[in-house]
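> For any residue, its number in the numbering used here is found by taking its place in the sequence shown, counting from 1, and adding 372.
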Amino acid sequence: MEDGKAVAAVAAARQWRAAAALTAIACLALLGLQVQPLGFSLRLVAVTNMVGHQQAKQQQQQQQQQQMPGDVSWSALNGSVDQFTIRGCPLRRFSHAEAVQCLAGKRLVFVGDSITRYQYLTLLHFLDRRQWPHPSGNQPGQPSVANEHEWPSWNAFLRGTSRLFGGRELCDCYREDLFQYFDPRFRRFVTWKPPEEEKFENRHYRSGNLSVSHFTFTTEPNTVHGHFGFPPYENGRKACKPAACKAAADWSYHLADALRKPVAAMQPTYLVLNSGLWGSSSAFGDKAWREIARAGRAAVAAQQGRVIWRTTTASLGKAAVGRDHDTLALQHTTAAGWGVLDAWAITNPLLQLLPGARPMWDPRHFTAVVYRELNQYLLNMICQ
373 MEDGKAVAAV AAARQWRAAA ALTAIACLAL LGLQVQPLGF SLRLVAVTNM VGHQQAKQQQ
433 QQQQQQQMPG DVSWSALNGS VDQFTIRGCP LRRFSHAEAV QCLAGKRLVF VGDSITRYQY
493 LTLLHFLDRR QWPHPSGNQP GQPSVANEHE WPSWNAFLRG TSRLFGGREL CDCYREDLFQ
553 YFDPRFRRFV TWKPPEEEKF ENRHYRSGNL SVSHFTFTTE PNTVHGHFGF PPYENGRKAC
613 KPAACKAAAD WSYHLADALR KPVAAMQPTY LVLNSGLWGS SSAFGDKAWR EIARAGRAAV
673 AAQQGRVIWR TTTASLGKAA VGRDHDTLAL QHTTAAGWGV LDAWAITNPL LQLLPGARPM
733 WDPRHFTAVV YRELNQYLLN MICQ
């Protein structure tokens with residue numbers, strides 16, 4: 373009887389693997405894993421499938437689904453956004469043990485702005501603390517790693533989020549808060565903003581054979597910058613403490629040079645890059661993007677690694693991110709063989725929800741549940 377069960381189990385496993393192989397082939401385009409250069413990893417049309425909201429809104433969404441069926445839909449749990457699915461492409465949901473096993477021995481490097489930072493911190497919370505952060509945040513005594521506004525100040529956020537990881541993360545971090553003062557010349561209050569070159573946030577996590585880093589990049593002033601004492605430029609210097617790194621930068625590079633120098637020195641096996649909310653990718657021009665695309669490939673070449681362009685998540689308001697936001701970046705990075713994590717296509721359906729149901733804490737940033745889902749998608753790209 374036991375032998376019969378074993379044979380049946382082996383047969384079932386073979387059948388499952390065969391089905392999984394066919395599914396994997398069908399999912400290649402969606403996950404951006406083709407060997408040949410590719411364009412968008414998801415179709416442009418995406419619709420929302422949320423449960424439990426006003427009937428009129430549901431009817432409107434049903435009509436949209438009938439008229440233009442999309443690839444991405446989101447489910448709800450207890451009235452809140454929960455998981456996204458891609459039509460015809462079942463995504464594997466990685467447990468903590470599976471994610472750690474997959475990333476062991478790999479070096480994952482993110483380069484981007486605040487939306488990339490929150491994806492990095494959400495992933496790190498999962499890897500280090502063995503659970504995803506609370507989906508929506510706003511928990512008493514537990515400010516979210518995906519929302520700096522739940523912390524008393526910027527430096528409290530930088531210091532507190534790094535402390536969560538028990539000394540396993542080095543944080544080259546410092547940032548002054550905005551403040552208002554009365555300017556007698558204009559007889560009005562003026563908001564002071566710290567210059568970009570005086571903001572620092574580069575993070576490096578090491579635990580056993582896990583290695584995850586995040587370099588902050590914004591298109592103003594087009595640099596990645598930091599201090600000695602941190603990877604990859606320890607230079608025999610002691611690292612400053614989180615939220616205390618306020619000296620002038622020891623090094624600073626425009627994006628292409630940053631990819632060739634500090635990022636390449638990290639020896640990434642996977643490099644995830646996004647220009648974020650700081651203007652359309654067309655701000656650089658064709659020549660600059662060709663150089664960036666080549667530099668990204670060069671950064672992972674020695675490790676035979678992979679570089680991934682992460683499209684900017686959808687947003688609301690006057691400066692809303694549209695599908696054309698990443699057009700020029702995608703044109704040149706995919707031509708150079710980069711993969712694509714299409715965060716815009718994944719998150720755009722969420723904008724169709726009623727304001728109170730959107731998992732967003734401002735017009736540009738999502739709550740932790742969305743970054744959790746983007747990380748599950750990324751793990752499928754890396755591990756499957």
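In this text, a Cβ means the ideal position worked out from N, Cα and C, and glycines have one as well.
Values in this document were obtained by computation on a predicted structure and should not be read as measured data.
In whole angstroms, what is the alpha-carbon distance linking Thr590 and His597?
Taking the straight line from one Cα to the other gives about 10 angstroms.
> If Ser486 and His737 are in contact, beta carbons under 8 angstroms, what's the gap, nearest whole angstrom?
Their Cβ separation, rounded to whole angstroms, is 7 angstroms, which keeps Ser486 and His737 in contact under 8 angstroms.
> For the beta strand (DSSP E) containing Arg479, list its first residue and its last residue.
Its beta strand (DSSP E) spans residues 479-484.
> Taking the C-alpha atoms as reference points, what is the distance between Val644 and Gly513?
Computed Cα separation, rounded: 32 angstroms.
> Only counting the same chain, and skipping five residues up and downstream in sequence, which positions put a Cβ closer than 8 angstroms to that of Gly538?
Within the same chain, Gly538 has close Cβ partners Asp500.
> For the alpha helix (DSSP H) containing Leu463, list its first residue and its last residue.
It is not in any alpha helix (DSSP H) - Leu463 carries neither H nor E in the DSSP assignment.
> Hey, Gly648 and Thr705: beta-carbon distance below 8 angstroms or not?
No, the Cβ-Cβ distance between Gly648 and Thr705 is not below 8 angstroms.
> Rank Ser516, Lys571, Pro603, Pro735 by C-alpha distance to the C-alpha of His497 and give the top, closest one.
Selected option, being the one with the closest Cα: Ser516.
> Quickly, what does DSSP pair His586 with across the bridge? List them, please.
For His586, which the question treats as bridged, DSSP gives the partners Phe482, Arg575.
> What three-state label does DSSP hand Ser445 in the structure shown?
Residue state, collapsed to three classes: strand.
> As an exercise, report each continuous alpha helix (DSSP H) stretch of at least 4 residues that is fully enclosed by the segment 649-722, in chain order.
For the segment 649-722, whole alpha helix (DSSP H) runs of length 4 or above, ordered along the chain, are 658-673, 699-707, 715-719.
> Could you pull out every residue in the same chain whose Cβ sits closer than 7 angstroms to the Cβ of Leu394, ignoring the five residues on either side in sequence?
Note that Leu394 has pLDDT 39, beneath the 50 cutoff, so the model's placement of it is unreliable and no number is given.
> List the endpoints of the continuous beta strand (DSSP E) containing Ser534.
It is not in any beta strand (DSSP E) - Ser534 instead sits in the alpha helix (DSSP H) that spans 526-535.
> Once the 5 residues before and after Leu751 are set aside, which same chain residues still bring their CB inside 7 angstroms of it?
Cβ neighbours of Leu751 beyond the five flanking positions: Phe466, Ala471, Cys474.
> So, helix, strand or coil for Asp622, using DSSP?
Coil at Asp622, not helix or strand.
> Mind the definition here: the segment 614-630 touches the segment 565-582 only if three or more C-beta pairs lie below 8 angstroms; say whether that holds.
Because the criterion of three Cβ pairs below 8 angstroms is met, the segment 614-630 and the segment 565-582 touch.
> Thr641 and Gly668: beta carbons closer than 8 angstroms?
Contact flag unset, no.
> For Glu663, which residues from the same chain have a beta carbon less than 7 angstroms from its beta carbon, with the 5 sequence-adjacent residues on both sides left out?
Same-chain partners within the cutoff: Ala628.
> Can you tell me whether Ser447 is buried or exposed? The criterion is at least 16 other CB atoms within 10 Å of its CB, across all chains shown.
Answer is exposed; the Cβ neighbour count stays below 16.
> Do Ser445 and Val741 count as a contact pair if the criterion is CB distance below 8 angstroms?
Result no, Cβ atoms of Val741 and Ser445 do not sit closer than 8 angstroms.
> Pull up the distance between the alpha-carbon of Cys461 and that of Arg609, whole angstroms please.
Distance between the alpha carbons of Cys461 and Arg609: 48 angstroms.
> Can you check DSSP and say which residues form a bridge with Tyr546?
Note: Tyr546 sits in a beta bridge opposite Phe572.
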